[in-house]
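K.L.:
In UniProt numbering, the protein residues as written are 1 to 114.
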């Protein structure tokens, strides 16, 4: 069955954690929408916010929808901006830091078998 919905109809979840600030994470397509292989999420980081500095055993792919910031890794800080595509391999320590004037919005694809 095809799933179709406007983003304005989807609940946005704010992450409440000591190692994150101003992060909203929303599953756009997941198990409840019938996805079997990949999940699509939208992460929105408020001005001066940051995601947790973390790593995990799965890869994920990101697309920067809006804003600008830094992708912090163990090796370097990588500037990111609207239109950038990013592949983060498994077990790579990383986080996003919003350095722009507005929200940093990122589409994140992850495998469903977590």
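Beta carbons are placed, not taken as given, at the ideal position from N, Cα and C, and that holds for glycine.
For residue 13 and residue 27, what's the separation of their Cα atoms in angstroms?
P.N.:
If you take the alpha carbons of residue 13 and residue 27, they lie about 9 Å apart.
K.L.:
Going by beta-carbon coordinates alone, are residue 67 and residue 91 separated by less than 9 Å?
P.N.:
In this structure, residue 91 does not lie closer than 9 Å to residue 67 by Cβ.
K.L.:
Is there contact here, the stretch 63-79 with the stretch 7-23, by at least three beta-carbon pairs under 8 Å?
P.N.:
Flag = no, the stretch 63-79 and the stretch 7-23 do not touch.
K.L.:
Between residue 31 and the rest of its own chain, which residues show a CB-CB distance below 7 Å, the 5 nearest in sequence each way excluded?
P.N.:
So the list reads 112, once near-sequence residues are dropped.
K.L.:
Between residue 63 and residue 107, is the Cβ-Cβ spacing less than 9 Å?
P.N.:
Cβ atoms of residue 63 and residue 107: closer than 9 Å.
K.L.:
Tell me, please, which residues DSSP counts as bridged to residue 66.
P.N.:
In the DSSP output, where bridge partners are listed per residue, residue 66 has 105.
K.L.:
Could you pull out every residue in the same chain whose Cβ sits closer than 6 Å to the Cβ of residue 85, ignoring the five residues on either side in sequence?
P.N.:
Here the set comprises 63.
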